[in-house]
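Residue numbers (this note's numbering): 177 to 758.
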């Protein structure tokens, strides 16, 4: 089976002129860390293996599949810049590369980046020549628990609920072409109250002096607005239509995922410099005065599935754009209206299809696991880069900076760690105040959080209504952990049950494979236990839930689907139970 990723890699901010760099590259492991001494950055030294980008060497889709960990790896290939791009500038783009990345173009150092989950780009025009060019990439992925790892093991081997790492390039690589200046960053935040959207537009060089914003809905142009730019960073607002004509028929919901299409056209002295295409849904997520989570002013009950985004043949990398679409369709088939995307920023096509298909998503920071100054610096830097991308995905309604006190193990009573969690909350709000935040999802919630979250893998669902069906959450102990951190009082926030279940089939357990509690003997027993858990959840009157999990992941075999996405159970029966009485 061959694996190819040839589609435009960033569908929610798309340019028309681009050059794909996925596919076959030369590849080399560098256990001696002497690649620079051997002249590899020059691009004139051939590497000793082949790899299929954007797949990591640990997985079969790469063409290699060697699970042994290697900290430093190199990539090399050539590419051709034709005459049609001779008068254009070239922006080299990586959707994700883990962890420390250096890029050389024709022997010149063109880009560096630190972070395993966030996208980055660099103008490489001045390094290019007409015709054939070389690109060399060095990636160093240390087994360091103080850097954001997510579910990638810091031992190099899978254990517990941590998995085989994805070293190096694991999302798409390509070149965008533009004129004298380009849009380097943007935000687009909808406002249902005024039927408008606003944000900040940043340009790479500050040379462009105007932007034209074109908005279409249902195939018809509804707005054209030209805005003068103020240096490199400009705030903007676009009102879509007269308020008298606005009603909910335009809003984005899971049932009716309406989308507005936007073109940004950048001008430099009257000449078009850059054009990019995006889209968004007009929607508002909020909490009302009674503590209800609301979408567009109406109470929203969230039926989420925990989705870790792993595939057996490619790890963190979706084998195709269609693969993430299929995951969403399977989740909807089982009655879920959203996913808590766990410990990763997913491939952009996941969010693209989520907003198109009406599927809610939560965006979570991949955890680091050792609280120190290095963790704080690495996590806050990469979280800001993730937010810069995630804020433009309509489906995203909640951010999760921390999960289960990972990386802040003493947050229950440690003031420094509590203050760090508070800082992450306020940092997130400063960047995007339009969404909810679950600051430390699961337990030991701090006082600065928009929702209070519960993780509890108890076998007996009657415990749920006993524990959580009463209005005094300060004294609750999910999984034996306090729900609220010390000196942090519950203030009436919505309470969501964001991890539970994790039931495996007994036949898949053993030899290191596991689920929570004991496995079910067969489908009949599983459905009975699943129904019992959901009755307990609905009886506790949460604002929503997130069941663990969508698929089996390596040794964790508690998914509703097998790792290859084959169905374990009758999905119609799962859907009936999932939707309950809400």
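Glycine included, C-beta positions come from ideal geometry on N, C-alpha and C. Since this is a predicted model, take the numbers as computed values, not measurements.
State buried or exposed for residue 311, treating a residue as buried only when at least 16 other CB atoms are found within 10 Å of its CB. Walking along the chain shown from the start, residue 311 turns up at place 135. Burial call: buried.
Would you kindly work out how many angstroms separate the C-alpha atoms of residue 239 and residue 226, rounded to a whole number? Against the chain shown, residue 239 aligns to sequence position 63. Against the chain shown, residue 226 aligns to sequence position 50. If I take the Cα positions, the gap works out to 8 angstroms.
Of the residues 400, 504, 670, 264, the one placed nearest residue 644, counting alpha carbons only: For this step, residue 644 is matched to residue 468 along the chain shown. Residue 670 is the option with its Cα nearest to residue 644.
Helix, strand or coil at residue 595 [DSSP, three-state]: Taking the chain shown and counting its residues from 1, one reaches residue 595 at position 419. Looking at residue 595 - three-state DSSP - the assignment turns out to be helix.
How would you label residue 540, buried or exposed, when you count the other beta carbons within 10 angstroms and need 16 or more for buried? Along the chain shown, read from residue 1 onward, the residue named residue 540 stands at position 364. Residue 540 should be labelled buried.
Less than 8 angstroms separating the beta-carbons of residue 320 and residue 330? Residue numbering aside, residue 320 sits at position 144 when the chain shown is read from its first letter. Residue numbering aside, residue 330 sits at position 154 when the chain shown is read from its first letter. Yes.
Mind the definition here: the segment 326 to 344 touches the segment 302 to 309 only if three or more C-beta pairs lie below 8 angstroms; say whether that holds. no
Stretch-stretch touch, CB-based, cutoff 8 angstroms, three pairs: the segment 499 to 515 with the segment 528 to 542: yes
Count Cβ pairs between the segment 286 to 306 and the segment 252 to 266 that sit closer than 8 angstroms; are there 3 or more? yes
Can you tell me which of 393, 698, 404, 557 puts its alpha carbon nearest to the alpha carbon of residue 289? Taking the first residue of the chain shown as position 1, residue 289 is located at position 113. Nearest of 393, 698, 404, 557 to residue 289, Cα basis: 557.
Near residue 373, what residues of its chain come up, given a Cβ to Cβ distance below 7 angstroms and the 5 sequence neighbours on each side ignored? Along the chain shown, read from residue 1 onward, the residue named residue 373 stands at position 197. 364, 365, 366, 367, 414, 456.
For residue 201 and residue 179, the rounded distance between their alpha carbons: Within the chain shown, numbered from 1, the residue matching residue 179 stands at position 3. Within the chain shown, numbered from 1, the residue matching residue 201 stands at position 25. Computed Cα separation, rounded: 14 angstroms.
State the DSSP-derived secondary structure class of residue 498, mapped to helix, strand or coil. As a first step, residue 498 must be located in the chain shown, where it is residue number 322. Residue 498: helix per DSSP, three-state reduction.
Does the count of Cβ pairs from the segment 458 to 465 and the segment 689 to 704 closer than 8 angstroms reach three? no
State yes or no: is the C-beta of residue 270 within less than 8 angstroms of the C-beta of residue 233? Counting from one through the chain shown, the residue named residue 270 turns up at place 94. Counting from one through the chain shown, the residue named residue 233 turns up at place 57. No, these two residues do not count as a Cβ contact at 8 angstroms.
In chain order, what residues of the same chain lie with their CB nearer than 6 angstroms to the CB of residue 278, ignoring the 5 residues before and after it? As a first step, residue 278 is located in the chain shown; it is residue number 102 there, counting from the start. So the list reads 288, 314, once near-sequence residues are dropped.
Please look up how many angstroms separate the CB atoms of residue 727 and residue 735, rounded, as I've assumed it's under 8 angstroms. Within the chain shown, the letter at position 551 stands for residue 727. Within the chain shown, the letter at position 559 stands for residue 735. Between residue 735 and residue 727 the Cβ distance is about 4 angstroms, and since that is below 8 angstroms, they are a contact.
Tell me whether the beta-carbon of residue 611 lies closer than 8 angstroms to the beta-carbon of residue 575. Against the chain shown, residue 611 aligns to sequence position 435. Against the chain shown, residue 575 aligns to sequence position 399. Yes.
Between the segment 676 to 693 and the segment 425 to 441, do at least 3 Cβ pairs fall closer than 8 angstroms? no
List in chain order: all unbroken beta strand (DSSP E) runs of 3+ residues lying wholly within the segment 506 to 533. 514 to 517
What span of residues does the beta strand (DSSP E) with residue 705 cover, start to end? Taking the first residue of the chain shown as 1, we reach residue 705 at position 529. Segment 699 to 715 is the alpha helix (DSSP H) holding residue 705; no beta strand (DSSP E) there.
Look up residue 582 in the DSSP assignment and say whether it is helix, strand or coil. Looking up residue 582 in the chain shown gives position 406. Here residue 582 sits in coil by DSSP.
Range covered by the alpha helix (DSSP H) that runs through residue 555: Taking the chain shown and counting its residues from 1, one reaches residue 555 at position 379. Its alpha helix (DSSP H) spans residues 549 to 566.
Coarse secondary structure for residue 649, derived from DSSP in three states: The residue given as residue 649 occupies position 473 in the chain shown. Reduced to three states, the DSSP call for residue 649 is helix.
Identify, in the order they occur along the chain, each residue of the same chain with its Cβ nearer than 8 angstroms to the Cβ of residue 481, setting aside the five sequence neighbours on each side. Translated into positions along the chain shown, residue 481 becomes position 305. Excluding sequence neighbours, residue 481 sits near 507, 510, 512, 514, 515, 516, 722, 723, 725, 726, 736.
At 3 residues or longer, and completely inside the segment 263 to 307: list those beta strand (DSSP E) runs for me, N to C. 265 to 270, 276 to 281, 284 to 290, 296 to 299
Among 230, 252, 208, 236, which residue has its Cα nearest to the Cα of residue 217? What you label residue 217 is simply residue 41 of the chain shown in a count that begins at 1. Per the Cα distances, 252.
Delimiting residues of the alpha helix (DSSP H) encompassing residue 755: The count along the chain shown starts at 1 and reaches residue 755 at position 579. Start and end: 747 to 755.
Per-residue DSSP class, three states only, for residue 655: Here residue 655 refers to the residue found at position 479 when the chain shown is read from its first residue. In the structure shown, residue 655 sits in a helix (DSSP, three-state: H, G or I).
Close Cβ partners of residue 492 (< 7 angstroms) along its chain, the five nearest in sequence each way excluded: Translated into the one-based positions of the chain shown, residue 492 becomes position 316. Correct list, in chain order: 342, 346, 485, 486, 520.
Using the C-alpha atoms, what's the distance from residue 242 back to residue 524? Within the chain shown, the letter at position 348 stands for residue 524. Within the chain shown, the letter at position 66 stands for residue 242. Going from the Cα of residue 524 to the Cα of residue 242 covers about 27 angstroms.
Out of 445, 500, 369, 505, state which residue places its alpha-carbon closest to the alpha-carbon of residue 472. Reading the chain shown from its first residue, position 296 is the one you call residue 472. When only C-alpha atoms are compared, the closest one is 369.
Let me confirm a value: residue 555 is counted as buried when at least 16 other C-beta atoms fall within 10 Å, else exposed. Which label applies? The residue you call residue 555 lines up with position 379 of the chain shown. Buried is the call here.
As an exercise, report each continuous beta strand (DSSP E) stretch of at least 3 residues that is fully enclosed by the segment 184 to 245, in chain order. 194 to 196, 199 to 205, 225 to 229
Rounded C-alpha distance that separates residue 199 from residue 213: To locate residue 199, count along the chain shown from 1; it is residue 23. To locate residue 213, count along the chain shown from 1; it is residue 37. Distance between the alpha carbons of residue 199 and residue 213: 27 angstroms.
Considering Cα atoms alone, identify which of 705, 425, 632, 594 is closest to residue 615. As a working mapping, residue 615 is identified with position 439 in the chain shown. The shortest Cα separation from residue 615 among 705, 425, 632, 594 belongs to 594.
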